[in-house]
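Encoded as structure tokens, the structure appears first; notes follow it.
So, in structure tokens, the structure goes:
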């Protein structure tokens, strides 16, 4: 039973949240090695007690530019400092990134930086690169140094395993995981300016933070050439609309890093907007996959806000709603609890007009003009229940749409429900 | 086994978190009616389906000044707007406050304000007050109007029940509760300037927000006269150090209100600092009681930060640590997980020096100079386990102390652990 004013069809906007990439982009098989010239490898070096793969390498072709975005936490790992400084000093030039999973190399003092320098120098030497062209990301337990002998002895097999085939990309994507339940990869393709352009990506993370365990890492490859400063600006905008728009538990990691490489024939500026659309789609796919893989989650929550004063304000409201423990519990309990949603929006710290609020949960409109509407509670609850039964990343998204005024600002955020399983996972982790 | 540098004895500072009031204040029996001249009442009017008490009245003596602090949410109830406006217009003069529990009167549009005006006018008339001297707080389900006939028919019995004895205060304290497991009251007494001064308080809340259910409400009475502007400044500072320093789930209510009345012989300015110390102690007691009564909580978490750039920065770090889902889960799991604590501190948005971090959990020092120390993990885990076995508000406080630099800033925050029971309570509330 839908009553009251329906401002716009909710289905129209819900489609924009789907995983279909925007034209002219289409999904293709593979991941980080789908773009021309990129090689990757993943092996088990013995850094993890579990015996799972733990060493990953991505090698970009000559001439690659690299854009990076990093955690804003003041407590950040030595490897993050090293990546940021090398990209700054080179003006966005790098060729390769090593990832070790098992030890985060955060809170390890001067030794942490020394180990990062030693590792990148040794691996760069084996690859015939200058040390400054080599980046490093670490993920795992905080406060524990990397076992350097084990790490260094893994470089030979790692370099030998480099390849541009899909299996090599798969291995690299698996070797960066920690608590993740599944690996996260995607590749898109489009014809731009008479030639084929591909973007590939891989990521890890199942919480915004797991300080004793892990972090969020993302990597992207692209076989179109773009000037370094343009590429960095594109990547920063894409990250704002993807990785910076997800939340699992509101905690920010010490190691969060996203590195995006672009290498290939220069793409004409007339196609940069199209390239950025693909870049954003790949980033959003990976970001949603991280949110969906949130610890203990049974569904993805997608919040769309419109009518805010600016896109930034809309994103802030969307992310606050997504991050509310009470909203997350309500979705988990299949409870169409509009009061918690609008109350979370009200504390987002940006302007909104309470009297203008309209709210939909999937196809069910729950509020108009700031007040509740009569609605079919059983049907709305069933809508939420069916999300948990949906297939991975297809129909398991609980969609919330919120109008907060008449401004031009629109924004999206993604999160996941909060289950008792989350508490069990995080109450029992290190002891 | 304690190793590494111990900056100061943790016991010294932990004492400042205890519930002993600062000298010259001492606890006395009773609550909101302990100060001279204050009357209160609580009855069951029939507003709640449960049949629990639901109507509460506090009446201050003639000449009372009243200071208020209110939710910063942009989505706030009509009664909050009315209280704020009346205190602004009168310059901080009010005589009484009515509280109805059962309906929050938020998101009820123009009717919400009209109902608040009707209720205060009718009750003021029965009390012989001007409507402008009457305030109203509502707590309960959002979006549901107050059943006005039931409310108005309760005013006769409510006024008849007014009294200054402890039973009247107890009844008032019970009638403001919603999901709370216990009522929250305190009274302190001191000899200031040759006479006895008393401060009483009562509060409700078991989450920073329950948008479909409730909110945090706090009331304070004092029988010393203080100019209205001085009183408001004192109250604002006390609220920053108490109610604004607690978090249960990071959500801010639509109805949060704290009202503090002072009425009696003027107190000489030389005793204002002592009065503020008592006011702060009462506020902190009530705030801690709310955090301890957090939904599903098994213990209180108290975080003390020192060495920050300012007291405000220290409080921001303390509250971020207290609010971290991962820290809350770790405490619940009896896991001395220092990595989650320091990572939360790093994302608080205020300056800190990661290399200076030192960290204690109870008597156990876990970090010094930004790096982990060897510590007795079993003993630290047992320390956390024993908190849940402690008595209410005595030894059930998990104490975390964090040094973040060498600045003068110090701050406290209180929260509670995150249990699977919290998820169950909040996943199943309205459906």
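Protein chains in written order, with our numbering: chain A, 1 to 431; chain B, 1 to 431. We treat Cβ as the ideally placed atom computed from N, Cα and C, and that holds for glycine. Please read these numbers as outputs of a predicted model, since none were measured by experiment.
#### Entry: Chain-ordered neighbours of residue 342 of chain B on chain A, where CB pairs are closer than 7 Å
Neighbours of residue 342 of chain B in chain A, taken as residues whose beta carbon is under 7 Å from its own, are 75, 107 in chain order.
Self-check item: chain A contact residues for residue 329 of chain B, given Cβ-Cβ distances below 7 Å
Solution: 423, 426, 427
Beta carbon proximity, residue 419 of chain A to chain B, threshold 8 Å = yes
Where residue 301 of chain A and residue 256 of chain A are concerned, what is the direct C-alpha to C-alpha distance, given to the nearest angstrom?
22 Å
* **Contacts around residue 64 of chain B, its chain only, beta-carbon distance under 8 Å, and the 5 residues preceding and following it disregarded** => Counting only Cβ-Cβ distances below 8 Å, and skipping sequence neighbours, we find 93, 94, 95, 261, 262, 263.
(Q) With a threshold of 8 Å between beta-carbons, can residue 416 of chain A be considered close to chain B, or not? (A) no
Practice task
Closer than 7 Å by beta-carbon distance: list the chain A residues that pair up with residue 354 of chain B, in chain order.
Solution key: At a C-beta separation below 7 Å, residue 354 of chain B has these neighbours in chain A: 74, 75.
Discussion item. Can you tell me whether residue 361 of chain A is helix, strand or coil according to DSSP?
Written reply: strand
* CA-to-CA distance, residue 330 of chain A to residue 426 of chain B, given in whole angstroms -> 6 Å
query = Roughly how many whole angstroms lie between the Cα atoms of residue 356 of chain A and residue 75 of chain B?
reply = Straight-line Cα distance between these residues: approximately 11 Å.
Is the beta carbon of residue 417 of chain A less than 8 Å from the beta carbon of residue 297 of chain A?
yes
Q) Between the stretch 321-340 of chain B and the stretch 399-416 of chain B, are three or more C-beta pairs nearer than 8 Å? A) yes
Query raised in the report: If the cut is a Cβ gap below 8 Å, which residues of chain A does residue 368 of chain B touch?
Result: What residue 368 of chain B touches in chain A: nothing, since even the nearest Cβ is about 11 Å away.
Worksheet entry | Closest by C-alpha distance to residue 286 of chain B, when choosing among B:164, B:205, B:308, B:225 | Checking every option, the nearest Cα to that of residue 286 of chain B belongs to B:205.
Q.
Quick check on residue 271 of chain A: buried or exposed, where buried means 16 or more other Cβ atoms within 10 Å of its Cβ?
A. buried
- Task: Count the C-beta pairs between the stretch 267-281 of chain B and the stretch 306-322 of chain B that are closer than 8 Å, then say yes if the count reaches three, no if not.
- Result: no
- Please check the pair residue 98 of chain B and residue 123 of chain B, which I expect to be a contact at CB under 8 Å, by giving their CB distance rounded to whole angstroms. About 6 Å separates the beta carbons of residue 98 of chain B and residue 123 of chain B, which is inside the 8 Å limit, making them a contact pair.
Is there a C-beta anywhere in chain D that falls below 8 Å from the one on residue 401 of chain A?
Protein chains in the displayed structure are A and B, and chain D is not among them.
Query raised in the report: Does the beta carbon of residue 411 of chain A sit closer than 8 Å to a beta carbon anywhere in chain B?
Result: no
Across which residues does DSSP place residue 82 of chain B in a beta bridge pair?
Per DSSP, none; premise fails for residue 82 of chain B.
Using a Cβ cut-off of 8 Å, pull out every chain B residue sitting near residue 452 of chain A, in sequence order please. Limits of chain A in this structure are 1 at one end and 431 at the other, which puts residue 452 of chain A out of reach.
inquiry  = Restricting to Cα atoms, I'd like to know which of A:109, A:157, A:30, A:280 is closest to residue 43 of chain A.
reply    = A:157
- Give a yes or no on whether the C-beta atoms belonging to residue 138 of chain B and residue 83 of chain B are separated by under 8 Å. No Cβ-Cβ contact shorter than 8 Å links residue 138 of chain B with residue 83 of chain B.
Please report how far the alpha carbon of residue 20 of chain B lies from the alpha carbon of residue 77 of chain A, in whole angstroms. In a straight line, the C-alpha of residue 20 of chain B is about 41 Å away from that of residue 77 of chain A.
* residue 372 of chain A: contacting residues in chain B (beta-carbon distance under 7 Å) -> 107, 143
ask   = Are residue 246 of chain B and residue 199 of chain B closer than 8 Å when you measure CB to CB?
value = No. Outside cutoff.
Exercise for the section: Enumerate, from N- to C-terminal direction, the unbroken alpha helix (DSSP H) stretches of 4 or more residues contained entirely within the stretch 145-205 of chain B. Expected result: 148-153, 155-160, 166-175
| field | Residues bridged to residue 301 of chain B [DSSP beta-bridge criterion] | value | B:398, B:415
Next on the checklist: Cutting at 6 Å between CB atoms, please list the residues of its own chain near residue 398 of chain A, excluding the five before and the five after it.
Outcome noted: 299, 301, 331, 384, 387
| message | Helix, strand or coil for residue 423 of chain A? Go by DSSP, reduced to three states. | response | helix
### Message
Cβ closer than 9 Å: which chain A residues qualify as neighbours of residue 319 of chain B?
### Response
By Cβ distance, chain A contributes nothing, its closest Cβ being about 13 Å from residue 319 of chain B, past 9 Å.
### Message
Helix, strand or coil, according to DSSP, for residue 138 of chain A in the structure here?
### Response
strand
Exercise. By Cβ distance below 7 Å, which residues in the same chain neighbour residue 325 of chain A in space, the five residues on each side in sequence not counted?
Worked result: 418
Q | Reduced DSSP secondary structure (H/G/I, E/B, other) of residue 20 of chain A | A | coil
Residue-chain proximity (residue 364 of chain A, chain B), Cβ-Cβ < 8 Å | no
**OP:** Report all residues from its chain with a CB closer than 6 Å to the CB of residue 186 of chain A; omit the five preceding and five following residues, and keep chain order.
**Re:** Correct list, in chain order: 201, 282, 285.
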